[in-house]
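With the UniProt record's numbering applied, the first sequence closes on residue 238, and no number is skipped along the way. All C-beta atoms, glycine included, are put in the ideal place defined by N, C-alpha and C. See below for the structure under consideration.
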Amino acid sequence: MGRSPCCDKAAVKRGPWSEEEDARLRSYIEQHGGAAGGWMALPRKAGLRRCGKSCRLRWLNYLRPGVRHGAFSPEEDHVICALHAAVGSRWSLIAAHLPPGRTDNAVKNYWNTRLKKKMLLFAGRQPHDVGRNVNVSAAPADETPLAPWTGLPLTGCGSGGGAVDQMRVGDDMIASMLKPAVVSQPADSSFSSEPAATELDVIFRSMGTTGGEHSDLSLSSTEIETDWYHHADSDTVI
DNA sequence: AAAATGTCCAACCGCAAGTCA
DNA sequence: ATGACTTGCGGTTGGACATTT
Numbered sequence: 001m002g003r004s005p006c007c008d009k010a011a012v013k014r015g016p017w018s019e020e021e022d023a024r025l026r027s028y029i030e031q032h033g034g035a036a037g038g039w040m041a042l043p044r045k046a047g048l049r050r051c052g053k054s055c056r057l058r059w060l061n062y063l064r065p066g067v068r069h070g071a072f073s074p075e076e077d078h079v080i081c082a083l084h085a086a087v088g089s090r091w092s093l094i095a096a097h098l099p100p101g102r103t104d105n106a107v108k109n110y111w112n113t114r115l116k117k118k119m120l121l122f123a124g125r126q127p128h129d130v131g132r133n134v135n136v137s138a139a140p141a142d143e144t145p146l147a148p149w150t151g152l153p154l155t156g157c158g159s160g161g162g163a164v165d166q167m168r169v170g171d172d173m174i175a176s177m178l179k180p181a182v183v184s185q186p187a188d189s190s191f192s193s194e195p196a197a198t199e200l201d202v203i204f205r206s207m208g209t210t211g212g213e214h215s216d217l218s219l220s221s222t223e224i225e226t227d228w229y230h231h232a233d234s235d236t237v238i
């Protein structure tokens, strides 16, 4: 009993999107306020010879208003490194804790192509601190956990999966990890192609010394994105 | 100048979870 | 309760472009 394909592969176009296809997709979604009728029906309604999944991906990762394609800031580097150390490759979760506009795909690409190498380089220098499990039974942070950019409290819980189950962590812990590493960093500070050991050291050291009650992360990107905007009027670096 | 190699990122694939009849 | 269908996610690939030899 096989799995039915999501679309007729022979009938759909694949590969890079043309400007015309982008325009059709954008126009349809703007007209209908979203993928009215679902993504699977969208290609037919919008006159696109594409798979619905492909349309969704194109919209979310590229065409959606607010998507940022520029370089990642040093602060974003810190957040990604710290969260990856804590929760593993849960890219949508990590992206949700970044300022709005970063997609999970972009974060994943950025990690795989750049940050991973930086971390490996760092690991070569700090072999005892990298790759170890997080001690989640350590004492909880005694201050309100805040996201690094806006002061937004990080709350919520849910379920993990895969290897992350071995290392379930809470938002308290993540916030405590991020605060010292990021807030102390000026928004316009320069960032070398390779992070200084001291910067990452802060992250790893804080991982080993703080922790929260056993919990997990479940803030949706929508929820977080909304909150990012709500908090964006104060001390943000967005 | 050309070939080889490396980097980056959009896009595809398959699986799992969620939804609904 | 169940199975079909849809959506979301993470891993991987392929190709364009940049850099090095």
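Next on the checklist: Let me confirm a value: A41 is counted as buried when at least 16 other C-beta atoms fall within 10 Å, else exposed. Which label applies?
Outcome noted: exposed
Next on the checklist: Closer than 8 Å is the cut-off here; do at least three beta carbon pairs connect the stretch 48-66 with the stretch 5-23?
Outcome noted: yes
Checklist entry - Taking the C-alpha atoms as reference points, what is the distance between H32 and P65? => result 15 Å
Checklist entry - In angstroms, rounded to a whole number, what distance separates the CA positions of V21 and R49? => result In the sequence as displayed, the identity of residue 21 is Glu instead of Val. Taking the straight line joining both Cα atoms gives about 9 Å.
Item to check | Residue range of the alpha helix (DSSP H) that includes G52 | outcome: 52-58
Item to check | Check whether R68 and R102 have beta carbons under 8 Å apart | outcome: yes
Item to check | G70 burial status per 10 Å Cβ neighbour count (16 or more: buried) | outcome: exposed
Item to check | Of the listed residues K108, Y28, G38, nearest to S89 (C-alpha basis) | outcome: K108
Next on the checklist: Between R44, G37, N112, A35, which has its C-alpha nearest W91's C-alpha?
Outcome noted: N112
Item to check | A35, DSSP secondary structure in three states | outcome: coil
Item to check | Beta-carbon separation (whole angstroms), residue 239 vs L120, contact threshold 8 Å | outcome: As shown, the chain starts at 1 and ends at 238. That puts residue 239 outside it, with no answer to give.
Checklist entry - When the Cα of Y62 is compared with those of D8, C7, A23, which residue comes out closest? => result A23
Checklist entry - What first and last residue would you give for the alpha helix (DSSP H) that runs through R114? => result First-last for R114: undefined, no H or E at that position.
Item to check | Burial state of D77 (16 or more Cβ within 10 Å) | outcome: buried
Next on the checklist: Between which two residues does the alpha helix (DSSP H) holding L63 run?
Outcome noted: Element bounds for L63: n/a, residue is neither H nor E.
Checklist entry - Do K45 and G34 have their C-beta atoms closer together than 8 Å? => result no
Next on the checklist: On the criterion of 16 or more Cβ atoms from any shown chain inside 10 Å, does D8 qualify as buried, or is it exposed?
Outcome noted: exposed
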